[in-house]
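Worksheet for the structure shown next.
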DNA sequence: CGAAGAGTTAACCGACCGGTCAACTATAAG
DNA sequence: CTTATAGTTGACCGGTCGGTTAACTCTTCG
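Protein chains in written order, with the working numbering: chain A, 1 to 219; chain B, 1 to 219.
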């Protein structure tokens with residue numbers, strides 16, 4: 001037989017994808033290795049041929065989730081020449097779209113795959129905690145870079161970029177937590193413009209050189 | 001013998017307290033009924049005499065957690081005549097103190113008991129999801145009331161109080177998620193003043209005579 | 001061909017899961 | 001006393017957990 005692609009080769013891939021879907025939709029503890037294997041069409045022995053443990057699989061899942069998050073959310077939102085405010089809006093819009101899409105499939109808002117695992121496992125597994133922490137720091141990096149560009153362009157006043165970016169990430173995590181808890185993606189839309197307020201000014205008395213920036217006012 | 005309470009009927013109480021501690025420190029799924037009973041010094045049969053299931057126990061735990069949160073955090077922070085900004089600062093300070101205290105005992109930042117259960121169980125148990133949602137809405141109520149008072153007192157300009165209070169709660173949840181993920185309560189302190197930016201308020205400390213003169217920008 | 005390694009399979013492991021149950025004891029009222 | 005009820009106890013249930021093992025097939029290469 002020449003190179004006739006049987007079903008082989010993609011076993012590890014299928015396990016990874018199944019784990020990504022199932023753990024994201026439910027939780028780490030509520031998805032067993034057995035179910036995982038059935039979903040992937042793989043026997044348990046094969047699972048342990050590719051992954052030393054469920055925990056290691058989860059770390060691999062986090063890597064892939066971050067890859068997907070970058071290409072589906074962070075790059076589209078931030079790899080452009082839009083003003084900072086628009087980038088943040090786009091980011092939240094993509095969060096919203098993602099949660100909506102997931103809800104239309106399962107009826108449930110799944111929240112953030114990183115926040116979910118962080119709160120479930122941070123106190124139980126140091127390696128996973130660190131991994132999630134690294135992901136959140138990389139996310140923060142996107143915001144930080146965009147802020148520095150915005151400051152260089154005179155878009156926003158000089159300020160503590162690290163603190164502000166951290167606040168944005170925290171706020172985004174909070175938004176997705178609330179959306180999941182209310183099972184309503186609309187929460188993210190409602191909170192969207194709040195993110196802009198976390199940017200404008202730095203610590204008291206530290207900001208100057210405001211150019212032509214506008215200030216929006218809610219009703 | 002007069003009514004001498006010997007072993008005292010505190011069994012249910014002990015179960016509740018043990019569950020509160022253990023589930024908060026780890027997670028719902030990672031604490032078994034057996035371990036729970038051992039920690040409480042109770043046999044499993046007694047457990048099921050008082051609680052029909054682990055899930056119901058968890059809902060009772062949520063009720064108690066909210067009672068404690070009110071009396072330890074929300075009432076102290078908001079049941080006073082301080083300006084809104086100070087109330088919010090106090091709230092975050094209490095979050096910080098709580099996380100610090102917990103960390104000094106176990107070495108781990110436990111995060112928010114409500115956020116934790118929300119992200120772990122919202123997609124698996126509708127009753128628990130609703131319960132946490134109700135708690136978060138009550139929290140939001142504290143902020144909302146304080147904001148309305150502040151508006152009435154001319155402390156801050158008129159604004160969409162519901163949206164702003166929701167943003168504050170989301171931000172607080174995000175702050176505690178980040179603190180847990182970094183295993184560092186200091187994150188909460190760093191994010192503290194960001195909360196002030198989520199409402200239309202003057203610079204921190206200038207809590208007087210800042211009514212509606214937002215049209216003219218200062219500096 | 002034959003050897004070797006990657007990948008697959010089913011049976012199996014002990015531990016633990018949430019939950020049940022019937023028998024027991026302690027208490028307090030009739 | 002008897003009786004009813006609340007609470008306690010330890011043995012037990014079927015099922016699932018994460019993980020292991022030894023034997024097997026398939027592919028590749030000498």
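Ideal Cβ placement from N, Cα and C applies to all residues, glycine included.
Small disclaimer: the values here were computed from a predicted structure and weren't measured.
Check the Cβ-Cβ distances between residue 62/B and every residue of chain A, and say whether any is below 9 Å. For the purposes of this step, residue 62/B is taken as residue 62 along the second chain, with counting starting at 1. Judged by the 9 Å Cβ criterion, residue 62/B is not in contact with chain A.
Where does residue 20/A fall in DSSP's three states? As a first step, residue 20/A must be located in the first chain, where it is residue number 20. Here residue 20/A sits in helix by DSSP.
With distance defined between alpha-carbon atoms, name the residue in 160/B, 194/B and 120/B nearest to residue 190/A. To locate residue 190/A, count along the first chain from 1; it is residue 190. The shortest Cα separation from residue 190/A among 160/B, 194/B and 120/B belongs to 160/B.
With a threshold of 8 Å on Cβ separation, who are the neighbours of residue 66/A within its own chain once the five nearest residues in sequence on each side are excluded? The residue you call residue 66/A lines up with position 66 of the first chain. Result list for residue 66/A: 114, 135 and 138, in chain order.
Would you say residue 99/B lies against chain A (beta-carbon separation less than 9 Å)? Within the second chain, numbered from 1, the residue matching residue 99/B stands at position 99. Not closer than 9 Å to any Cβ of chain A, the Cβ of residue 99/B fails to qualify, so no.
Decide if the segment 21–29 of chain B is in contact with the segment 106–121 of chain B; the criterion is three or more beta carbon pairs, one per stretch, under 8 Å apart. yes
Would you be able to state if there are at least three C-beta pairs under 8 Å between the segment 90–101 of chain B and the segment 90–97 of chain A? No: the two stretches stay apart, fewer than three of their Cβ pairs being nearer than 8 Å.
Integer Cβ distance of residue 188/A from residue 99/A, believed to fall under 8 Å: In the first chain, residue 188/A corresponds to position 188, counting from 1. In the first chain, residue 99/A corresponds to position 99, counting from 1. So it is a contact: roughly 6 Å between Cβ atoms.
State the start and end residues of the unbroken alpha helix (DSSP H) segment that holds residue 112/A. The sequence position of residue 112/A within the first chain is 112, counting from 1. Residue 112/A -> no alpha helix (DSSP H), and no H or E assigned at all.
For residue 180/A, which residues in chain B fall below 7 Å Cβ to Cβ? The residue given as residue 180/A occupies position 180 in the first chain. Within chain B, the residues near residue 180/A are 118, 119 and 122.
Rounded Cβ spacing between residue 78/A and residue 171/A (contact assumed at less than 8 Å): Along the first chain, one-based indexing puts residue 78/A at 78. Along the first chain, one-based indexing puts residue 171/A at 171. Not a contact, Cβ separation roughly 16 Å.
With a threshold of 9 Å between beta carbons, is residue 194/A in contact with chain B? Residue numbering aside, residue 194/A sits at position 194 when the first chain is read from its first letter. By this cut-off, residue 194/A is an interface position.
When you compare the CB of residue 81/B with every CB in chain A, is at least one pair closer than 9 Å? Counting from 1 along the second chain, the entry for residue 81/B is found at position 81. With 9 Å as the cut-off, residue 81/B does not count as an interface residue toward chain A.
Using the Cα positions of residue 83/B and residue 157/A, report the straight-line distance between them to the nearest angstrom. For this step, residue 83/B is matched to residue 83 along the second chain. For this step, residue 157/A is matched to residue 157 along the first chain. Roughly 27 Å separates the two Cα atoms.
Distance check for residue 17/A and residue 148/B, CA to CA, integer angstroms please. Taking the first residue of the second chain as 1, we reach residue 148/B at position 148. Taking the first residue of the first chain as 1, we reach residue 17/A at position 17. One C-alpha to the other measures close to 48 Å.
Residue 177/A versus residue 106/A - alpha carbon distance: Position 177 of the first chain holds residue 177/A. Position 106 of the first chain holds residue 106/A. Going by the C-alpha atoms only, they are around 17 Å apart.
Smallest Cα separation from residue 41/B: which of 12/B, 183/B and 90/B? Residue 41/B sits at position 41 when you count from the first residue of the second chain. Of the candidates 12/B, 183/B and 90/B, the one whose C-alpha sits nearest the C-alpha of residue 41/B is 12/B.
Ordered along the chain, which non-local residues of its own chain (more than five positions away) have a Cβ less than 8 Å from that of residue 209/A? Numbered from its first residue, the first chain carries residue 209/A at position 209. Reliability of the predicted coordinates at residue 209/A is poor, the pLDDT of 39 falling under 50, and no value is obtained from them.
Does the beta-carbon of residue 122/B have 16 or more other beta-carbons within 10 angstroms, so that it is buried, or is it exposed? Sequence index remark: in the second chain, residue 122/B carries index 122 (1-based). Buried is the label assigned to residue 122/B, since at least 16 other Cβ atoms lie within 10 Å of its Cβ.
For residue 51/A, which residues in the same chain have their Cβ closer than 6 Å to its Cβ, ignoring the five residues on either side in sequence? By one-based count along the first chain, residue 51/A stands at place 51. The residues are 57.
From what residue to what residue does the alpha helix (DSSP H) around residue 172/B run? As a position in the second chain, residue 172/B is number 172, starting the count at 1. For residue 172/B, the uninterrupted alpha helix (DSSP H) run begins and ends at 161–182, by DSSP.
Per-residue DSSP class, three states only, for residue 79/A: Stepping through the first chain from its first residue, residue 79/A is reached at position 79. Residue state, collapsed to three classes: coil.
Does the beta carbon of residue 164/B come closer than 9 Å to any beta carbon on chain A? Sequence index remark: in the second chain, residue 164/B carries index 164 (1-based). Yes, contact with chain A.
For a minimum of 4 consecutive residues, which ranges assigned as the alpha helix (DSSP H) are wholly contained in the segment 46–99 of chain B? 54–69 and 75–78
Under 7 Å Cβ to Cβ from residue 162/A, same chain only, skipping five residues before and after it: list those, please. Numbered from 1 along the first chain, position 162 holds the residue referred to as residue 162/A. The beta carbon of residue 162/A sits closer than 7 Å to those of 144, all from its chain and outside the five residues before and after it, given in chain order.
Alpha carbon of residue 71/B to alpha carbon of residue 62/B, nearest angstrom: Here residue 71/B refers to the residue found at position 71 of the second chain. Here residue 62/B refers to the residue found at position 62 of the second chain. Straight-line measurement puts the Cα of residue 62/B at about 14 Å from the Cα of residue 71/B.
Among residues of its own chain, excluding the 5 on either side of residue 198/A, which ones have a beta-carbon nearer than 7 Å to its beta-carbon? Stepping through the first chain from its first residue, residue 198/A is reached at position 198. Closer than 7 Å at Cβ, skipping near neighbours: 164, 167, 168 and 171.
Tell me the rounded alpha-carbon separation between residue 47/B and residue 36/B. As a first step, residue 47/B must be located in the second chain, where it is residue number 47. As a first step, residue 36/B must be located in the second chain, where it is residue number 36. If you take the alpha carbons of residue 47/B and residue 36/B, they lie about 9 Å apart.
For residue 146/B versus residue 54/B, is the C-beta spacing smaller than 9 Å? Here residue 146/B refers to the residue found at position 146 of the second chain. Here residue 54/B refers to the residue found at position 54 of the second chain. Not a contact, by the Cβ cut-off of 9 Å.
Residue 144/A: first and last residue of the uninterrupted alpha helix (DSSP H) it sits in: Translated into the one-based positions of the first chain, residue 144/A becomes position 144. Unbroken alpha helix (DSSP H) run through residue 144/A: 126–152.
Please tell me whether residue 138/A has its Cβ less than 9 Å away from any Cβ of chain B. On the first chain, residue 138/A is found 138 positions in, with the first residue counted as 1. Using a Cβ-Cβ cut-off of 9 Å, residue 138/A does not count as an interface residue toward chain B, since no Cβ of chain B sits closer than that to its own.
In chain A, what lies closer than 8 Å to residue 177/B by C-beta? As a working note, residue 177/B is residue 177 in the second chain. Result: 115, 118, 119, 170, 173, 174 and 177.
Residue from 102/B, 74/B and 125/B whose Cα sits closest to the Cα of residue 180/B: In the second chain, counting from the first residue as 1, residue 180/B sits at position 180. Minimum Cα distance to residue 180/B is reached at 102/B.
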